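Undergrad: The sequence shown runs 500 to 1649 under our numbering. C-beta: ideal position from N, C-alpha, C; glycine also. Every value quoted in this text rests on a predicted model; they were computed, and no experiment measured them.
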Amino acid sequence: MADQIPLYPVRSAVVAAVAANRKRAAYYSAAGSGPGGERHNSRYQLEDESSHLDEMPLMMSEEGFENDESDYHTLPRARVTYRKRGIEWLVCGGWKFLCTSCCDWLINVCRRKKELKARTVWLGCPEKCEEKYPRNSIKNQKYNLFTFIPGVLYEQFKFFLNLYFLVVSCSQFVPALKIGYLYTYWAPLGFVLAVTMIREAVDEFRRFQRDKEMNSQLYSKLTIRGKVQVKSSDIQVGDLIIVEKNQRIPSDMVFLRTSEKTGSCFIRTDQLDGETDWKLKVAVSCTQRLPALGDLFSINAYVYAQKPQLDIHGFEGTFTREDSDPPIHESLSIENTLWASTVVASGTVIGVVIYTGKETRSVMNTSNPKNKVGLLDLELNQLTKALFLALVALSIVMVTLQGFVGPWYRNLFRFLLLFSYIIPISLRVNLDMGKAAYGWMIMRDEHIPGTVVRTSTIPEELGRLVYLLTDKTGTLTQNEMIFKRLHLGTVSYGTDTMDEIQNHIINSYSQMFSQTSGNSTSSTPSRKSQSSAPKVRKSVSSRIHEAVKAIALCHNVTPVYESRAGVTGETEYAEVDQDFSDENRTYQASSPDEVALVQWTESVGLTLVNRDLTSMQLKTPGGQILTYSILQIFPFTSESKRMGIIVRDESTAEITFYMKGADVAMSSIVQYNDWLEEECGNMAREGLRTLVVAKKSLTEEQYQDFENRYSQAKLSIHDRTLKVAAVVESVEREMELLCLTGVEDQLQADVRPALEMLRNAGIKIWMLTGDKLETATCIAKSSHLVSRTQDIHIFRPVTNRGEAHLELNAFRRKHDCALVIAGDSLEVCLKYYEHELVELACQCPAVVCCRCSPTQKAHIVKLLQQHTGKRTCAIGDGGNDVSMIQAADCGIGIEGKEGKQASLAADFSITQFKHIGRLLMVHGRNSYKRSAALGQFVMHRGLIISTMQAVFSSVFYFASVPLYQGFLMVGYATIYTMFPVFSLVLDQDVKPEMALLYPELYKDLTKGRSLSFKTFLIWVLISIYQGGILMYGALVLFESEFVHVVAISFTALILTELLMVALTIRTWHWLMVVAEFLSLGCYVASLAFLNEYFGIGRVSFGAFLDVAFITTVTFLWKVSAITVVSCLPLYILKYLKRKLSPPSYSKLTS
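#1: Counting only the same chain and skipping the five closest in sequence on each side, list residues whose C-beta sits under 8 Å from that of V1227.
#2: I'd like to know if the region 1410–1428 and the region 977–994 are in contact, where contact means that at least 3 CB-CB pairs between them fall below 8 Å.
#3: What span of residues does the beta strand (DSSP E) with Q1123 cover, start to end?
#4: Since Q728 is in the beta strand (DSSP E), which residue starts that stretch and which ends it?
#5: Could you check if S1282 is buried or exposed, using at least 16 other CB atoms within 10 Å of its CB as the buried criterion?
#6: Enumerate in chain order the residues of its own chain whose CB-to-CB distance from S1025 is below 7 Å, with the five nearest sequence positions on each side excluded.
#7: According to the neighbour-count rule (16 or more other Cβ atoms, all chains shown, within 10 Å of its Cβ), is I1658 buried or exposed?
#8: Distance, Cα to Cα, E999 vs V1192?
#9: Starting from C1372 and walking both ways along the beta strand (DSSP E), at which residues does that stretch end?
#10: Would you check if the distance between the CB atom of K857 and the CB atom of P633 is smaller than 8 Å?
#11: What whole-angstrom Cβ distance do S1166 and E1176 have, given they're in contact under 8 Å?
#12: What is the rounded straight-line gap between the Cα of Y1008 and the Cα of G1160?
#13: Need the endpoints of the alpha helix (DSSP H) that D772 sits in, please.
#14: Suppose the cutoff is 6 Å on Cβ atoms and the five residues either side in sequence are ignored; what does the same chain contact list for S919 look like?
#15: Sort L831, K726, I1564 by Cα distance to L1655 and report the nearest one.
#16: Report back the beta-carbon spacing between T847 and I748 to the nearest angstrom; my notes put them in contact at under 8 Å.
#17: Okay, do the region 715–731 and the region 950–962 touch, 3+ Cβ pairs below 8 Å being the bar?
#18: Does the Cβ-Cβ distance between E829 and S758 come in under 8 Å?
#19: Hey, how far is the Cα of V1103 from the Cα of Q1123?
#20: Give me the Cα-Cα distance between G1378 and L1462, rounded to the nearest whole angstrom.
#21: Do you know offhand how far G1301's Cα is from V1319's?
#22: Is H1366 helix, strand or coil by DSSP?
#23: Can you name, in chain order, every residue of its own chain whose Cβ lies under 8 Å from the Cβ of K1428, other than the five neighbours on each side?
#24: Rounded to a whole number of angstroms, what is the C-alpha to C-alpha distance between V694 and D931?
#25: Would you mind giving the Cβ-Cβ distance between A844 and W777, rounded to the nearest angstrom? I have them listed as a contact below 8 Å.
#26: Of the residues F982, N1002, I1005, which one's Cα is nearest the Cα of T994?
#27: Can you tell me where the alpha helix (DSSP H) with T1276 in it begins and where it stops?
#28: Output the boundary residues of the alpha helix (DSSP H) element that contains R618.
#29: From D794 to R788, what does the alpha carbon distance come to, in whole angstroms?
#30: My understanding is that R1141 touches M1158, with C-beta atoms under 8 Å, so please give their C-beta distance in whole angstroms.
#31: Between the Cα of V736 and the Cα atoms of C1372, K627, L877, which residue gives the shortest distance?
#32: Measure the beta-carbon distance from G850 to V753 and round it to whole angstroms, keeping in mind my assumption that it falls under 8 Å.
#33: List the endpoints of the continuous alpha helix (DSSP H) containing L1558.
#34: Excluding sequence positions up to five away, which residues of its chain have a Cβ less than 6 Å from the Cβ of P1353?
#35: Distance check for V891 and L1700, CA to CA, integer angstroms please.
#36: Taking the CB atoms as reference points, tell me whether S1459 and S1452 lie closer together than 8 Å.
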């Protein structure tokens, strides 16, 4: 049925409706401008849209459509409140709602945020600001001096386990409740807290030092009296700041002047948006034209800036100079801004500060780091709550059987303390030490050199991941472009045939200049040169010549010459004019693709040597300089997907319009051909980024006519972008197709096998990138993130709810296809259809989100956590990935070209993407399996001794007397069993090679079967069985020597524990064997030397242990018998289980 729904007619109807609405809106805003008019417009729009939306149902309530878009969020809550009123409502969670509302209100009152407003900033006059703006300081610390201790203690005691230990330890100060020595309770707790506090304090101090270093950087501030040095943290809104080359920009500024002649400069934005290419910024022309720096104070000017926003790719403002006649107004856009955290790459710049501190774009796009807690820790926390309930139940049963005699409540509390070993305090100590050990093993692994564990508390998370969210640039790719293919329609050139192109270019230019010297002014190679050569060859030669020239001219690249030491900017340019063969030449552009194209034309002989805002110079293979005037530039936008340039050849005065762009945009512009579409498809399948290059010759009259219309369109106030686009489109017709280029963005080493392995392990991979849609799709294919057989659904751009509705329905019909969606469309869909979009996206084998801002990346991570409840991992390498890394359950940073910001903020830092396979498959698996075994074994150790205590108390008329002295209890948890139990951190169920060979084994881990209520219950039953056997066995077999019951039961207990460790271990390690024998040796030695502890309870009948008794054969065979009865059945059961239902990994190893 779904397939028969007419999707496109409805879409066109909605589009038509939207267009009609725009007209109607324009009419109403013109007729009834004012509040009434606006209201009218929104009502009309709504009626029109919703009538069409009803034709196509999406999983959501009908009421949602009948309300205005802005009311949509308030709907569900409003409905709930209408349904339940009065007492029933109060009981059914109303009280919780009231409490949270009151708390929210209180918090809002205490921390009332200042509303962000647009501002007028006078040049060099901070004192003229109407408002008080935030300080320009960076603060990454979690705590201050006063909140450190309370904050750390809160983080520790919010866990039930630690809170319980604190209460138990405090109870020992009450004489009536005192059971053992204080140190038996306080020492382990103090140890855990001390380690945590020291670790937090060191981290906090490092953060403080990093912040201090950033805040105390010095900058030159321009004042009426000249330059003064100010700290970064003392910069204010309205200050004029001078930033030198390679210096970080301290706050958001509007770019007023530069030392570069061109009036523009390059900045590096890798720490802001993660892109390594340089961005061109243009100074405000009014201030750039001023003769000297000091004149900035002689003019009366201000900047009007919009309110601070998250969007790093957009800015709206105006520059106004009041003291000229008439006043000068200039519109300001993103190319006139210098955002904080970017770095000046060329020249010296002067800017006026418009946003500081918390209001800068870079700070608004970073989120506060959260304290990460592993899933295993949360699961253990749940199990300890279950144990606590068991403990309370057992104590109540004991008091009941006692018959509530005497001060029963005191006895109840004593029983609670006696059985408190059910929840072992050594659990936290063992787990924390285990985590430290895993971290050490990860850093010592020579297969993944350079890996650093920065958050030692969550190594088990690496074994539970379901979603991996990765950045593209620098993470999957090296961000190094290489020119691979040139296709002319009839002939294609690859990397191995580039020398042919070089020969063609050398020949054509040598012919051209020989003709020029022979009084010929033809700019194309002569057709009459060699009559003997075949005709095809000539046409190919001329076509190659045209194609290479077009690629060398149609771009936004600037050659930059590094000045030699001690050379000033002036002479640097003078030097450039004379000597273009300078070895120091580097190319700069906002896109690495363009740089790759220009570098390629240089390699085949046509070199770009100089460029400013109005002209460009090329050098031929023969060394002649060709000069071209730049008449117009049409920059690349994500909507047009193409860029164009109109140039005039100075030698022949020919005007040519060159254009290059994506095949989707260019196929309708170029003349008819039969090869373009097919070849684009072929190149895309190879993972190449394709660009179509075309040209059109213009006469002087055509160009003049175009220029008049174009400048008129640029001055219009209404629909400026539409009018400008219409004028440009009038020229973009019947263009001559020159060639198709293919550029490869090289992938990181072994990215394909790594992604393949992760996919086989059942991990869903999402790629979140700030890059263009075409590029992202290309890399998704070439990296095999999307397998070759899979379809790709490209989510169309949507701007309102109606379009989102239709597009989601179209997407729902696709099965098993990867999704590619742009950031702005994603934002619209999340606003209205959050649940539906996430649900559909989670079913996709792969998802690519392009044009994502840093906050959007973090938002997607949080959405996945909320909607799926599964564990997420984020991996990136730039400052723009920090928010995403901190939001994920497990953040991995790569030390890359984009700096160390991501690797410093991450929980784990690696040097290459391919290392992630081993990190997850081997170390993630081992950490999780080992911690699960360790945690459950430590619980078993506590349960078994509590069972023995329960049996002992019930036999002795329910007396609340401890079975073992304090020292034995401490010894039992530490010296007698600690080494063997802790040696479980060396255990592994699968060899690393096997785990990497069969990544499918990882799928089992994500189900969390190693530690669940089922496995926990099995351990509880084992503990009860063994505790009962040990205690009853000791009582039955030792009727005559009843006083020796402590020594007998304790010896059997220690032997049982050592055998149980041996039973649990899957792969033996020599250290495990050492640990077993060491513990046994320690116990035998203590039997001999510490015999006064082996009496019964506090009142030990004066009976001390005699060594003679231990050495009797009777003692030995009876202890052995008890131990065998307690352990042998478990060994038999384990053998049977392995035979009848072996685990998946044993099938591979057998």
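TA: A quick look at the data gives this:
#1: Locating residue 1227 in the sequence shown gives position 728, counting from the first residue. The residues are F1133, G1143, Y1209.
#2: No, they do not touch.
#3: Along the sequence shown, read from residue 1 onward, the residue named residue 1123 stands at position 624. No beta strand (DSSP E) holds Q1123; DSSP gives it neither H nor E.
#4: For the purposes of this step, residue 728 is identified with residue 229 of the sequence shown, where counting begins at 1. Where Q728 is concerned, the enclosing beta strand (DSSP E) stretches over 725–730.
#5: Numbered from its first residue, the sequence shown carries residue 1282 at position 783. Buried: at least 16 other Cβ atoms inside 10 Å.
#6: Here residue 1025 corresponds to residue number 526 of the sequence shown, with the count starting at 1. Any reading at S1025 must be qualified, since the residue scores a pLDDT of 38, below 50, and its modelled position is unreliable; the value itself is stated next. So the qualifying residues of the chain are Q1010, Q1014.
#7: Past the boundaries of the shown model lies residue 1658; the chain is included only from 500 to 1649, so the question cannot be answered.
#8: What you label residue 999 is simply residue 500 of the sequence shown in a count that begins at 1. What you label residue 1192 is simply residue 693 of the sequence shown in a count that begins at 1. E999 and V1192: Cα-Cα distance of roughly 20 Å.
#9: For the purposes of this step, residue 1372 is taken as residue 873 along the sequence shown, with counting starting at 1. Unbroken beta strand (DSSP E) run through C1372: 1370–1375.
#10: Numbered from its first residue, the sequence shown carries residue 857 at position 358. Numbered from its first residue, the sequence shown carries residue 633 at position 134. A contact, by the Cβ cut-off of 8 Å.
#11: Walking along the sequence shown from the start, residue 1166 turns up at place 667. Walking along the sequence shown from the start, residue 1176 turns up at place 677. Yes, they are in contact, since the Cβ atoms of S1166 and E1176 sit about 7 Å apart, within 8 Å.
#12: Within the sequence shown, residue 1008 is the residue found at index 509, counting from 1. Within the sequence shown, residue 1160 is the residue found at index 661, counting from 1. Each residue's alpha carbon lies about 27 Å from the other.
#13: In the sequence shown, counting from the first residue as 1, residue 772 sits at position 273. 769–772 is the extent of the alpha helix (DSSP H) around D772.
#14: Along the sequence shown, read from residue 1 onward, the residue named residue 919 stands at position 420. The residues are V667.
#15: Because the chain in this structure spans residues 500 to 1649, residue 1655 falls outside the shown range and cannot be described.
#16: Residue mapping note: residue 847 aligns to position 348 of the sequence shown, counting from 1. Residue mapping note: residue 748 aligns to position 249 of the sequence shown, counting from 1. Actually they do not touch by this definition, with Cβ atoms about 12 Å apart.
#17: Because the criterion of three Cβ pairs below 8 Å is not met, the region 715–731 and the region 950–962 do not touch.
#18: Position 330 of the sequence shown, counted from the start, is the residue given in the question as residue 829. Position 259 of the sequence shown, counted from the start, is the residue given in the question as residue 758. In this structure, S758 does not lie closer than 8 Å to E829 by Cβ.
#19: The count along the sequence shown starts at 1 and reaches residue 1103 at position 604. The count along the sequence shown starts at 1 and reaches residue 1123 at position 624. If I take the Cα positions, the gap works out to 15 Å.
#20: As a first step, residue 1378 must be located in the sequence shown, where it is residue number 879. As a first step, residue 1462 must be located in the sequence shown, where it is residue number 963. Cα-Cα distance, rounded: 59 Å.
#21: Your numbering for residue 1301 matches position 802 in the sequence shown. Your numbering for residue 1319 matches position 820 in the sequence shown. Those two C-alpha atoms are separated by around 20 Å.
#22: Position 867 of the sequence shown, counting from 1, holds the residue named residue 1366. It is helical.
#23: In the sequence shown, counting from the first residue as 1, residue 1428 sits at position 929. Correct list, in chain order: G962, D1486, Q1487, D1488, L1504, S1509.
#24: One-based indexing of the sequence shown puts residue 694 at position 195. One-based indexing of the sequence shown puts residue 931 at position 432. Cα to Cα, V694 sits roughly 9 Å from D931.
#25: The sequence position of residue 844 within the sequence shown is 345, counting from 1. The sequence position of residue 777 within the sequence shown is 278, counting from 1. Right, the Cβ-Cβ distance comes to about 5 Å (below 8 Å), so this counts as a contact.
#26: Mapped onto the sequence shown, residue 994 falls at position 495. Ranking F982, N1002, I1005 by Cα distance to T994 puts F982 first.
#27: What you label residue 1276 is simply residue 777 of the sequence shown in a count that begins at 1. Segment 1272–1281, the alpha helix (DSSP H) holding T1276.
#28: As a position in the sequence shown, residue 618 is number 119, starting the count at 1. No alpha helix (DSSP H) holds R618; the beta strand (DSSP E) holding it covers 618–621.
#29: Counting from 1 along the sequence shown, the entry for residue 794 is found at position 295. Counting from 1 along the sequence shown, the entry for residue 788 is found at position 289. If I take the Cα positions, the gap works out to 10 Å.
#30: Residue numbering aside, residue 1141 sits at position 642 when the sequence shown is read from its first letter. Residue numbering aside, residue 1158 sits at position 659 when the sequence shown is read from its first letter. Yes, R1141 and M1158 are in contact; Cβ-Cβ is about 6 Å, under 8 Å.
#31: The count along the sequence shown starts at 1 and reaches residue 736 at position 237. Among C1372, K627, L877, the Cα nearest to that of V736 belongs to K627.
#32: For the purposes of this step, residue 850 is taken as residue 351 along the sequence shown, with counting starting at 1. For the purposes of this step, residue 753 is taken as residue 254 along the sequence shown, with counting starting at 1. Right, their Cβ atoms sit about 6 Å apart.
#33: Taking the sequence shown and counting its residues from 1, one reaches residue 1558 at position 1059. Residues 1544–1563.
#34: As a working note, residue 1353 is residue 854 in the sequence shown. N864, N1379, S1382, listed in sequence order.
#35: Coverage of the chain is limited to positions 500 through 1649, which leaves residue 1700 absent and any answer about it impossible.
#36: Along the sequence shown, read from residue 1 onward, the residue named residue 1459 stands at position 960. Along the sequence shown, read from residue 1 onward, the residue named residue 1452 stands at position 953. In this structure, S1452 lies closer than 8 Å to S1459 by Cβ.
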